[in-house]
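Counting from 0, one number per residue, gives the positions in the sequence shown under numbering that gives the first Met the number 0.
All C-beta atoms, glycine included, are put in the ideal place defined by N, C-alpha and C.
For reference, the structure discussed in these notes is given below.
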Amino acid sequence: MIDLRSDTVTKPSQLMRDMMAKAEVGDDVYREDPTVNELEKYAADLTGKESALFVTSGTQGNQAALLTHTRPGQEVIMDEDAHVFVYEGAAISAFAGLQSRILPHELGRISLDVMEEAIRPDDVHYPETGLIWLENTHNRSGGAVLPLTYLKSVKEMADKYKIPVHMDGARLFNASEASGVSVKEISQYTDSIQFCLSKGLGAPVGSILAGSQAFIDIARKKRKMLGGGLRQAGVLAAPGLFALRSNKQRLSEDHKHAKRLADAINRHTDLSVNHKVETNIIIAETHLSSRSASEWVHLLSEKGVAVIQYKPQALRFTTNLDVSSDDIEKVIDILKECQ
């Protein structure tokens, strides 16, 4: 099976498994795990932040950030397709007690005028705006990258109102690779940032939350509240270190594969890609086809290709490190058979 459902489906390499087996460990709740400490320091240096925190998932990192930046009853400005709003089980309200101010967007970018107008005035009738939320790359926009100029403008506006900015950078390194802008340059326009180790980077588990030392000190307590206090976690941190040191350089291959596949899909009689493919996600529309998206998922699965239904008339293909150039050519041939 050629698995294009997500970049989370990759298996750890033998080198990763060897590092897990050999990892030095200690009790991370007591800050005594040397491998976790090394990972957190390395991640802080990469992002240009004072400190970083190893968390079990992107959702946990995002929720810890919400709990740290805000207090219950506040409101968070975000786009209407943000992962934290769509895919995190309403944790933003259930755990953090926050209201989501969802706004229209284009490729993950909320108009600055619309965003500024959404900031609540000082009035007892309204919730207080506690946080501005960005997502880069933007999942539901087909892996779109937020331009650095946009990030700078959002941060300048947020600073004017003394509102912190958090970035859900689950695929931050894809954004960096596609834009040619360093992770540190992107991160400078955030107060906190989360990125996943288990997506394009290929680790089996884990994410990083980075910010100021004061922010991470509080976030560490929030992580504990969320059940994220880990003990001998070096066996999980070791593959994350390997991924950051060895796998981020190869993300361009995933992007190349995605563009090759998107070009082929656009030559298909029944499918089309109506967005610029910048990174490793392709949203293929099926509205030209007599088959529904769910029927396409079933058909492709029978032929050895796994994808997911994105909408009633759209599929998502996500390239990843376990999918080779030869695999992409096989998928293209299979799609031709389905015309």
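Over the uninterrupted alpha helix (DSSP H) stretch that includes residue i, give me the two end residues.
i, result
"residue 116", "111 to 117"
"residue 46", "33 to 46"
Given residue i, which residues of its chain have a CB within under 6 Å of its CB, disregarding the five upstream and five downstream residues?
i, result
"residue 51", "39, 42, 43, 207, 209"
For residue i, name the three-state secondary structure that DSSP assigns.
i, result
"residue 53", "strand"
"residue 78", "strand"
"residue 151", "helix"
"residue 158", "helix"
"residue 285", "coil"
"residue 94", "coil"
"residue 329", "helix"
"residue 60", "helix"
"residue 216", "helix"
Residue i lies in the beta strand (DSSP E); which residues open and close that run?
i, result
"residue 122", "Looking at the DSSP string, residue 122 is not in any beta strand (DSSP E), and its letter there is neither H nor E."
"residue 166", "164 to 167"
"residue 128", "128 to 134"
In its own chain, which residues sit with a C-beta less than 7 Å from the C-beta of residue i, not counting the 5 before and 5 after it?
i, result
"residue 117", "76, 100, 102"
"residue 261", "272, 276, 281"
"residue 110", "none"
Quick test of your reading: residue i and residue j, contact by CB under 8 Å. State the CB separation rounded to the nearest angstrom.
i, j, result
"residue 69", "residue 130", "5 Å"
"residue 19", "residue 237", "5 Å"
"residue 340", "residue 95", "One cannot answer for residue 340 here, as it falls past the ends of the chain, which runs 0 to 338."
"residue 271", "residue 287", "6 Å"
"residue 244", "residue 198", "In fact, because the Cβ distance is near 16 Å, the residues do not count as touching under 8 Å."
"residue 201", "residue 246", "5 Å"
"residue 2", "residue 305", "5 Å"
"residue 292", "residue 263", "Not really, about 18 Å apart at Cβ, beyond 8 Å."
Taking the alpha-carbon of residue i as reference, which of the options has the nearest alpha-carbon?
i, options, result
"residue 53", "113, 28, 122, 274", "28"
"residue 248", "192, 175, 48", "175"
"residue 179", "278, 0, 155", "278"
"residue 139", "326, 275, 296", "275"
"residue 107", "115, 150, 88, 98", "150"
"residue 55", "49, 263, 63", "63"
"residue 181", "267, 132, 46, 303", "46"
Which residues in the same chain have their Cβ closer than 8 Å to the Cβ of residue i, if we skip the five residues on either side of it in sequence?
i, result
"residue 196", "202, 204, 205, 206, 207, 238, 239, 242, 243"
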